[in-house]
Structure formats: C-alpha cells, structure tokens
Amino acid sequence: MVSERVVLRFPRKLIEQPIIYMLSKKYDLVFNILFARVMPNQEGVLVAELSGEDDNYQQGIDYLKENEVDVQLLSRDVVRDEKRCTMCGACTAVCPTGALSIPDRKTMIVTFEVDKCVACGQCVEACPSNAMKVSLSGLEELGLENI
Ligand code: SF4
Ligand code: SF4
C-alpha cells in the first residue's frame, strides 16, 4: 500500500478530460484532494493524497505522465524546534528508526539524527511541546505551506 502527497499540473488541453476519474476507475486509486486551482485558459493545479496498492499506484503515475500531467512528489522533511524541546524523551519511544534517541543515560540528552528519519510523523503526535514538525517541500511556490 502506498500513500503519497503529490502536486499535479494539468496542461490546459487536459483540464476537461476525466483523468482523475480514470485513475480511480482503472487503477483503483483513492484521491484525497487537498487543493485545486484552475485558471481560465491556463494550467490546472491539484494537490492530493494518492493512495492504493503499490502496482496500481505506479501504473497510475505512469498513466498521468503518459498523458502529459506533470507529477511532483512532495517530500516530507521533519525538523525539531530546539527552543521548544524540553528533552522529555517521549519521542524516542515512538521513533521506529532510532532517529530520535538518548545515547547517553547520564546526560539524558535527546539527539535527532536527520539522516535516519523516514518522516513517518509519529514523533509529531507524541511530542507534548510541539517541537517536532513535518514540512512538505514544494508547496511554497504554490503559497500552500500550511495544508
Ligand atoms: S518522523 Fe518518524 S522517523 Fe522521523 S524522527 Fe519522527 S518518529 Fe522518527
Ligand atoms: S517529545 Fe518533544 S520535547 Fe520531548 S524530547 Fe522529543 S522533541 Fe523534545
């Protein structure tokens, strides 16, 4: 099962085509539309969460590209606000990769190794201080940083 956030840009000639309908019908993909914008006589932009079985997902992405839809995956970056972090350690209990850990029990300092992070977002839920945040790069240019 795959679930990804994507930005889709539809050239003007495709705006009235049933592309999304076909994705759902042909590839059994589920679309959760987060944002849509169609400007008269210009391209259409859709930001959506796209979910489905692995093979269907890949075939659906290929179908979009074959139809000249520009597909951009939104990468997720996780950051820690050092000023908010109280070193309580709650996040280390949920982090599946060990990106958040307490390597030294004497100091009890919680370290965050970004290169081990898979952006699952579990620490964001677990942090009582709202120190952990997920940001989606690629949305800034659309002015949609907060969706
Ligand atoms: S997003 Fe997931 S992998 Fe990354 S630090 Fe948080 S819990 Fe660990
Ligand atoms: S749960 Fe939040 S406050 Fe606690 S150590 Fe982790 S990032 Fe810091």
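In terms of our numbering, the numbers along the sequence shown are unbroken and rise by one, the last being 241.
We treat Cβ as the ideally placed atom computed from N, Cα and C, and that holds for glycine.
Against chain D, with Cβ distances strictly below 8 Å, would residue i count as a contact?
i          : result
lysine 177 : Considering every chain present, this structure includes no chain D. It has just one protein chain.
For the beta strand (DSSP E) that residue i lies in, which residues bound it at each end?
i              : result
asparagine 126 : 124-132
CA-CA distance, residue i and residue j?
i                 : j             : result
aspartate 209     : cysteine 189  : 13 Å
isoleucine 113    : serine 229    : 28 Å
glutamine 152     : glutamate 219 : 29 Å
proline 222       : glutamine 111 : 46 Å
phenylalanine 125 : glycine 146   : 9 Å
leucine 242       : tyrosine 157  : No answer is possible for residue 242: the residues shown for the chain start at 95 and end at 241.
Compare the C-alpha of residue i against each of the options and name the closest.
i              : options                        : result
arginine 103   : Ala142, Asn126, Val124         : Ala142
valine 132     : Asp122, Leu108, Val172         : Leu108
isoleucine 155 : Cys214, Cys221, Glu98          : Glu98
leucine 117    : Pro105, Glu160, Gly215         : Glu160
arginine 178   : Val204, Gln166, Leu158, Asp171 : Val204
lysine 227     : Arg170, Val139, Lys119         : Arg170
valine 165     : Val139, Met202, Thr201, Arg106 : Val139
proline 134    : Val172, Gly215, Arg106, Ile127 : Arg106
cysteine 185   : Gly215, Leu128, Glu137         : Gly215
Throw me the rounded Cβ distance for the residue i and residue j pair, which I believe falls under 8 Å.
i              : j             : result
cysteine 211   : alanine 225   : Incorrect: roughly 14 Å between the Cβ atoms, too far for contact.
valine 96      : aspartate 148 : 6 Å
asparagine 150 : tyrosine 115  : Actually they do not touch by this definition, with Cβ atoms about 15 Å apart.
Assuming residue i is part of the alpha helix (DSSP H), what are its boundary residues?
i             : result
glutamine 136 : Looking at the DSSP string, glutamine 136 is not in any alpha helix (DSSP H), and its letter there is neither H nor E.
leucine 158   : 148-160
serine 118    : 113-121
Measuring only from the beta carbon, is residue i closer than 7 Å to any heavy atom that is part of ligand 3?
i             : result
threonine 180 : Within the structure as shown, ligand 3 is missing, the only ligands being ligand 1 and ligand 2.
Residues bridged to residue i by DSSP?
i             : result
threonine 205 : Ser195
leucine 167   : Val100
alanine 142   : Val100, Ile127
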